[in-house]
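J.: Structure below; questions to follow.
Protein chains: 2
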Amino acid sequence: MGPTSAIAALQQALRCLPGVGPKSAQRMAFHLLERNRQGAAEILATLDNALKSVRHCSRCNNFSAKELCSICASPARNPELLCVLETPADLESVEQAGIFKGMYFVLMGHLSPLDGIGPDELGVRNLIELLETNAINEIILATNLTVEGEATADYIGEIARKRSIKVTRLARGLPMGGELEYMDQGTLSQAFEGRREY
Amino acid sequence: MGPTSAIAALQQALRCLPGVGPKSAQRMAFHLLERNRQGAAEILATLDNALKSVRHCSRCNNFSAKELCSICASPARNPELLCVLETPADLESVEQAGIFKGMYFVLMGHLSPLDGIGPDELGVRNLIELLETNAINEIILATNLTVEGEATADYIGEIARKRSIKVTRLARGLPMGGELEYMDQGTLSQAFEGRREY
Chain A
6 MGPTSAIAAL QQALRCLPGV GPKSAQRMAF HLLERNRQGA AEILATLDNA
56 LKSVRHCSRC NNFSAKELCS ICASPARNPE LLCVLETPAD LESVEQAGIF
106 KGMYFVLMGH LSPLDGIGPD ELGVRNLIEL LETNAINEII LATNLTVEGE
156 ATADYIGEIA RKRSIKVTRL ARGLPMGGEL EYMDQGTLSQ AFEGRREY
Chain B
6 MGPTSAIAAL QQALRCLPGV GPKSAQRMAF HLLERNRQGA AEILATLDNA
56 LKSVRHCSRC NNFSAKELCS ICASPARNPE LLCVLETPAD LESVEQAGIF
106 KGMYFVLMGH LSPLDGIGPD ELGVRNLIEL LETNAINEII LATNLTVEGE
156 ATADYIGEIA RKRSIKVTRL ARGLPMGGEL EYMDQGTLSQ AFEGRREY
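Protein chains in written order, with my numbering: chain A, 6 to 203; chain B, 6 to 203.
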């Protein structure tokens with residue numbers, strides 16, 4: 006009845022997308038089949054191509070089309086500085102800010118035992134190998150300031166300290182344009198604690 | 006830099022989905038490529054299949070795998086009653102309620118001049134042909150109670166009246182489980198206006 010089984014199967018498949026429940030999946034399937042077959046064809050082509058061509062950089066673990074991504078292959082980057090991030094999107098933000106000229110390691114997530122994501126899933130073994138086979142002066146922990154991000158930073162910080170590498174974490178405080186009135190208590194107390202001579 | 010052009014192309018393609026902006030598209034692409042390649046393969050297969058196999062029923066305009074959908078092909082349905090709806094999802098809801106045994110016509114949308122959706126895009130020509138070539142006693146306007154749904158109902162009601170067909174619209178009032186405290190003024194005034202002897 007109603008939609009054919011082909012549509013039901015498509016709706017079911019779309020539900021694997023993050024944040025997509027049964028109603029959104031239904032709306033998406035309707036949109037793709039009725040309003041935008043051109044867009045649907047583009048999703049087909051680009052997803053197929055991405056699944057076939059995208060793999061991980063053997064050094065930094067970020068998505069890459071080649072064995073070494075363009076950042077790791079660049080002679081202009083400082084190999085003594087290593088910034089550890091959670092996702093390619095985080096790396097993208099840092100690159101866009103243009104303030105960091107060292108190398109990266111992308112964990113592709115954070116420690117989350119309940120979801121079955123432990124050190125092995127984050128490629129920590131590759132990170133350790135990187136730390137042991139390269140002359141790295143400083144490791145900058147740039148995981149998110151969430152519970153999971155902090156736990157991940159603690160874990161990796163420990164690994165680096167054992168190998169006598171200097172460990173730093175991004176500063177915390179008020180964001181640019183931040184108004185005290187709307188800041189949460191945690192941010193405010195970090196901002197006071199970390200206050201600097203002016 | 007950062008993600009390869011294959012990922013950028015996938016992100017761009019995903020933005021054609023309703024309610025998906027650049028950030029969601031980025032999250033979806035990451036999820037598909039890093040966390041759920043199985044799910045991505047299922048989207049590929051089911052979307053490809055749906056694009057190839059899904060077309061419109063020649064009678065009711067709903068999605069169908071065959072020339073006539075299962076409802077239009079069923080001898081158990083009353084062809085003298087025609088319920089006009091906006092989307093396949095609306096039809097699905099009515100079917101699940103199990104209270105209607107007539108036939109349907111699915112507009113696949115509503116009148117929306119600003120989006121370039123006029124009578125032609127809604128298959129109104131097919132609807133008129135249906136009204137003129139079949140003995141239909143009553144047309145039930147079951148478009149949504151939104152501005153666009155009402156305008157669409159007005160338009161189709163006019164067409165049916167011109168052909169001396171009885172036109173009805175779904176009752177309006179409090180929904181089941183509705184609490185007066187939380188009802189909007191429009192619903193409340195409709196509920197008072199349409200009050201019935203008890």
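For each residue, glycine too, the CB sits at the ideal point set by N, CA and C.
Of all Cβ atoms in chain A, is any one closer than 8 Å to the Cβ of H115 of chain B?
T.: no
J.: Interface residues of chain A around T92 of chain B at Cβ under 7 Å?
T.: F35
J.: At a CB distance below 7 Å, what residues from the segment 53-75 of chain B approach chain A? Give them in sequence order.
T.: Answer set for the segment 53-75 of chain B: D53, N54, A55, L56, S58, V59, F68, S69, A70, S75.
J.: For E143 of chain B versus K171 of chain B, is the C-beta spacing smaller than 8 Å?
T.: yes
J.: Using a Cβ-Cβ distance under 8 Å, would A18 of chain B count as near chain A?
T.: yes
J.: Excluding sequence positions up to five away, which residues of its chain have a Cβ less than 7 Å from the Cβ of G162 of chain A?
T.: Same-chain partners within the cutoff: L146, V172.
J.: Does L86 of chain B come out as helix, strand or coil in the three-state DSSP assignment?
T.: In the three-state reduction of the DSSP assignment, L86 of chain B falls in the strand class.
J.: If we count the other Cβ atoms within 10 Å of its Cβ and call it buried at 16 or more, is R64 of chain B buried or exposed?
T.: By the neighbour-count rule (16 or more Cβ atoms within 10 Å), R64 of chain B is buried.
J.: Is the beta carbon of M108 of chain A less than 8 Å from the beta carbon of L132 of chain A?
T.: no
J.: Identify which residue in A:L96, A:I48, A:R201, A:E155 has its Cα closest to the Cα of V111 of chain A.
T.: A:L96
J.: Is there contact between the segment 58-75 of chain A and the segment 6-23 of chain B, where contact requires at least three CB pairs shorter than 8 Å?
T.: yes
J.: Residues of chain A with CB under 7 Å from Q31 of chain B, in chain order?
T.: A94
J.: For G103 of chain A, which of A:D125, A:R82, A:R174, A:A78 has the nearest alpha-carbon?
T.: A:R82
J.: Need the endpoints of the alpha helix (DSSP H) that R32 of chain A sits in, please.
T.: 27-35
J.: Verify the CB distance criterion: does N39 of chain A have a CB-CB separation below 8 Å to chain B?
T.: Per the sequence shown, residue 39 of chain A should be read as Glu rather than Asn. Yes, E39 of chain A counts as interfacial toward chain B.
J.: Note down, in chain order, each residue of its chain lying with its Cβ closer than 6 Å to the Cβ of L175 of chain B, except the 5 sequence neighbours on either side.
T.: A147
J.: Taking three-plus beta-carbon pairs below 8 Å as touching, is the segment 41-56 of chain B in contact with the segment 48-65 of chain A?
T.: A contact exists between the segment 41-56 of chain B and the segment 48-65 of chain A.
J.: Where L90 of chain A and M113 of chain A are concerned, what is the direct C-alpha to C-alpha distance, given to the nearest angstrom?
T.: Going by the C-alpha atoms only, they are around 8 Å apart.
J.: Anyone know if the C-beta pair for G44 of chain A and A140 of chain B falls short of 8 Å?
T.: Going by beta carbons, G44 of chain A and A140 of chain B fall outside the 8 Å limit.
J.: List, from N- to C-terminal side, the alpha helix (DSSP H) runs of 4 residues or more that fit wholly inside the segment 148-196 of chain B.
T.: Entirely contained in the segment 148-196 of chain B, the alpha helix (DSSP H) runs reaching 4 residues are, in chain order, 152-167.
J.: State the DSSP-derived secondary structure class of I48 of chain B, mapped to helix, strand or coil.
T.: If DSSP states are grouped into helix, strand and coil, I48 of chain B belongs with the helices.
J.: Distance, Cα to Cα, L179 of chain B vs A196 of chain B?
T.: 6 Å
J.: In its own chain, which residues sit with a C-beta less than 8 Å from the C-beta of G183 of chain A, not counting the 5 before and 5 after it?
T.: T192
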